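Colleague: One line per chain: the protein sequences are L and E, in this order.
Take -19 as the starting number for the first sequence in this note's numbering and just add one per residue.
Take 40 as the starting number for the second sequence in this note's numbering and just add one per residue.
Below is one structure. I have some questions about it.
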Amino acid sequence: MPQMIACFKWVVDEAYIRVGASGDLDMNAVDYKISDYDKNALEEAARIREQAGGSVTAVTVGVPEATKGVKDALSRGAEKAFFIQDPSFRDLDPSQTARILAAVIQSRIPYDLILCGEGSSDLYARQVGPQLAELLGIPCLSFVQKLTVEGDRVVAERRTDEGQEVCTAPMPVLVTVLPDINTPRIPSVRDTLMASKKEVVPVRKEDLPDISSPFLETVSMKGTSLKRSGTRFTEDPGDVKAFVDTLLQKGVLK
Amino acid sequence: MDFKLTEEQELIRKNMREFTEKHVDPIAVEIDETSRHPEELFKKLAEGGWMGIPVPVEYGGSGSDYLTHIVAVDELARSCASTGFTVSIHVGIACMLVLLFGTEDQKKKFLVPMARGEKLGAFVLTEPGAGTDVMAATSTAVKDGNDYVLNGTKTFTSNGPTGDVYFVFAWTDKAAGRKGMSTFIIPRGTPGMEVGTHFKKMGLRSSQTSEMVFRNCRIPKENLLGKEGAGLLMAMTGFDHGRTGIAAQSTGILQAALDESIRYSKERVQFGQPISRQQAIAWMIADMATDLQAARFLTYHAAWMKDQGKPFSKEASMAKLFTSEAAMRHTIKAVQIHGGYGYVKGAKVERLLRDAKITEIYEGTSEAQRMVISGNVLR
């Protein structure tokens, strides 16, 4: 019966970002959400618990206003949450997030299996999972699209550039999940209402060891836009050739 | 003053949004065209606890408040007005009537399966000759030993063909006037009760509507809801809740009209630029967005009044009057913005326009709402 931790990040919902003419991002009217793949991590933990038993603790690092995100996570099957919060935690770099998580998990949360999303929907650096495993000194299985717990080991199907591979690791272990691993549930009304009654352990900056300065500095952030050329091709053989030539010319095909 | 929904309400709205994108949007056109009641969808709504949001957990509900139910109906109707309405009348009228007026036994027997979404409720008041003029009803229920014997014809019964639990209004003492009507809970299949075929309607087509005929329909006295003679009061209380639901449904329709108009007007290029840059179109959208905001405030305020335990007949009528007329006004504009593309079957705005019309008619016409409102303010 694995004791599980599912890590999640409360991110800007990109659907609400407005991109100005010069690519500037208007975040004035944004809403927030649990990062997409972290929902898969939470779902996978809930799914394993429903099949194999155990427990699920949700953990997040963020700003104190992220209480809605904590409730959202608790409505998705976690029994308890650790909410590591500080106003300065809005723009942490992945190494800082991993160090904060490692400090709290090591000292306060027993675990056999840690689940993280492959990357966050906002910055998608894909760093926190592997760095956290390294700091905790446990194996890391990344890009996992299928996961089973067998006794004191996990069996994971990983998707790599070369294809798929199946590997196993002893617990404790950290797994980062791909979106294909499951379909996150839509919490029932009751799940959402009960979430507020579950235990949330607040952890503040003062409770943490010194988190050193970031390795990354964000200089600016701009929106990109996709310009379409508007060229049309028909099923005419001449057009098919023109289509292939265009792809070759643009470097899509080599 | 606080205009904020709670975090739970915001999450519930978001979850309903996701639910509609996944389960309702893909079938909305089909169930409108075929006039089909999507049984499979209602199973999923039941599983999610959407069929009894304000009903306490001990009676099978989700144990939340009325505003939360209204927020869910608003979001659901944004995707499909028919589905939003079916949930609204089931929860807002059927469930609320038993919750407010039922005995403990009636709550266990009827409310629990309704709030769990296993059984669907229907409100059976309107008669061929008695619409806005409820007192013109002719259905009667005559006491006979431990039973009542019901006779009469009802029409435009929403959830008639698909209902499991019917709330039927009939005179027990016509001479007593406003204190002479009573409400009966009649389960589907009761001998003497006949459900007519589903009407073919202009809009709201997947919501099932029919005539109902009662011929010497024998009902045990345990199925009398509340006290004998309290029927009219219960109908009015039901309307307060139901009208707030129609206001939410109209708000959802209006929101959808705005969503579609914004999306299309930014895509559609005429005279070398998106039509959203034409003032004629931009101002239509400005008016639409403004009325939507007002619609939502009026609607949520009526539900909030209910949750505060205050009388909310006037607020419910105002919300329904304003939102339904705004929905009608702006769905016409939404079709106009879409031009020919909006007049074609399968275009969402075409369905929105047809669905909007009924909101000015049922659960009290706009004229009936003005009677309630003027009666309140001229008192």
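Virtual Cβ for every residue (Gly too), placed ideally from N, Cα, C.
Nothing here was measured: the structure is a model prediction, and the numbers come from that model.
In terms of alpha-carbon separation, which member of 307/E, 286/E and 168/E lies closest to residue 405/E?
Modeller: The shortest C-alpha separation from residue 405/E is found at 286/E.
Colleague: Between the stretch 149 to 165 of chain L and chain E, which residues of the former have a C-beta closer than 7 Å to a C-beta of the latter?
Modeller: Hits within the stretch: zero.
Colleague: Which runs of the beta strand (DSSP E) fall wholly inside the stretch 201 to 282 of chain E and span at least 3 residues, in chain order?
Modeller: List check, beta strand (DSSP E) in window: 204 to 210, 220 to 226, 232 to 234 and 248 to 259.
Colleague: Under the three-state reduction of DSSP, which class applies to residue -5/L: helix, strand or coil?
Modeller: Residue -5/L falls in the helix class under three-state DSSP.
Colleague: Show which residues of chain E have a CB atom less than 9 Å away from the CB atom of residue 77/L.
Modeller: In chain order: nothing, as chain E lies at least about 23 Å away.
Colleague: Checking contacts by CB at 8 Å: is residue 52/L closer than that to chain C?
Modeller: Of the chains in the structure shown, none is chain C; the protein chains are L and E.
Colleague: Which bits of chain E does residue 176/L rub up against, with CB to CB less than 7 Å?
Modeller: 47
Colleague: What residues are listed by DSSP as bridge partners for residue 183/E?
Modeller: 186/E
Colleague: Mind checking if residue 172/L is an interface residue toward chain E, Cβ cutoff 8 Å exclusive?
Modeller: yes
Colleague: What beta strand (DSSP E) runs, 3 residues minimum, are completely inside the stretch 131 to 162 of chain L?
Modeller: 133 to 140, 143 to 150 and 153 to 157
Colleague: Where does residue 307/E fall in DSSP's three states?
Modeller: coil
Colleague: Taking C-beta pairs closer than 9 Å, name the residues in chain E that residue 167/L reaches, listed in chain order.
Modeller: 50, 51, 54 and 87
Colleague: Does residue 209/L come out as helix, strand or coil in the three-state DSSP assignment?
Modeller: Three-state DSSP puts residue 209/L in coil, outside helix and strand.
Colleague: Ignoring anything shorter than 3 residues, give me the beta strand (DSSP E) runs that lie fully in the stretch 70 to 134 of chain L, in order along the chain.
Modeller: For the stretch 70 to 134 of chain L, whole beta strand (DSSP E) runs of length 3 or above, ordered along the chain, are 93 to 97 and 120 to 130.
Colleague: Take the Cβ of residue 174/E as the centre, count every other Cβ of all protein chains shown within 10 Å, and call the residue buried at 16 or more, exposed below.
Modeller: With a 10 Å radius around the Cβ and a threshold of 16 neighbouring Cβ atoms, residue 174/E comes out exposed.
Colleague: Go through its chain and collect everything with a Cβ distance to residue 59/L's Cβ below 8 Å, but skip five positions before and after it.
Modeller: 35, 36, 37, 178 and 179
Colleague: Are the beta-carbon atoms belonging to residue 50/L and residue 98/L less than 8 Å from one another?
Modeller: In this structure, residue 98/L does not lie closer than 8 Å to residue 50/L by Cβ.
Colleague: Which class does residue 401/E belong to by DSSP, given the choice of helix, strand or coil?
Modeller: coil
Colleague: Residues of the stretch 55 to 80 of chain E in Cβ contact with chain L at a cutoff of 8 Å, in chain order, please.
Modeller: 57, 58 and 61
Colleague: Taking CB distances under 8 Å as the criterion, tell me whether residue 265/E reaches chain L.
Modeller: no
Colleague: I'd like the list of long-range same chain contacts for residue 267/E, defined as Cβ closer than 7 Å, with 5 residues on each side in sequence excluded.
Modeller: 211 and 221
Colleague: Is residue 102/E close to chain L? Criterion is C-beta to C-beta, closer than 8 Å.
Modeller: Yes - at least one Cβ of chain L is within 8 Å of the one on residue 102/E.
Colleague: Would you kindly check if the distance between the Cβ of residue 277/E and the Cβ of residue 136/E is under 8 Å?
Modeller: yes
Colleague: Suppose the cutoff is 7 Å on Cβ atoms and the five residues either side in sequence are ignored; what does the same chain contact list for residue 84/E look like?
Modeller: 90, 126 and 156
Colleague: With DSSP collapsed to three states, give me the class of residue 51/L.
Modeller: Residue 51/L falls in the helix class under three-state DSSP.
Colleague: Using a Cβ-Cβ cut-off of less than 8 Å, list which residues of the stretch 201 to 222 of chain L approach chain E; keep chain order.
Modeller: Within the stretch 201 to 222 of chain L, not one residue has a Cβ closer than 8 Å to any Cβ of chain E.
Colleague: Helix, strand or coil for residue 383/E? Go by DSSP, reduced to three states.
Modeller: coil
Colleague: Short of 7 Å in beta carbon distance, which residues of its chain neighbour residue 218/E, apart from the five on each side in sequence? Order them along the chain.
Modeller: 268
Colleague: Since residue 183/L and residue 63/L are thought to touch, with beta carbons under 8 Å apart, how far apart are those beta carbons, to the nearest angstrom?
Modeller: Indeed they touch by this definition, with Cβ atoms about 7 Å apart.
Colleague: Short check: CB of residue 307/E to CB of residue 121/E, under 8 Å?
Modeller: no
Colleague: Helix, strand or coil for residue 191/E, going by three-state DSSP, please let me know.
Modeller: It is a strand residue.
Colleague: Counting C-beta neighbours from all protein chains within 10 Å, is the total for residue 281/E 16 or more, i.e. buried, or is it exposed?
Modeller: Under the 10 Å beta carbon count, residue 281/E is surrounded by 16 or more other beta carbons and is classified as buried.
Colleague: Which value, in whole angstroms, describes the spacing of the CA atoms of residue 48/L and residue 42/L?
Modeller: 12 Å
Colleague: Please state whether DSSP places residue 322/E in a helix, a strand or coil.
Modeller: helix
Colleague: Less than 8 Å between the CB atoms is what I'm expecting for residue 192/E and residue 261/E, so what's the real figure, rounded?
Modeller: No, residue 192/E and residue 261/E are not in contact; Cβ-Cβ is about 25 Å, not under 8 Å.
Colleague: Please confirm if residue 301/E has its CB atom under 8 Å from at least one CB of chain L.
Modeller: no
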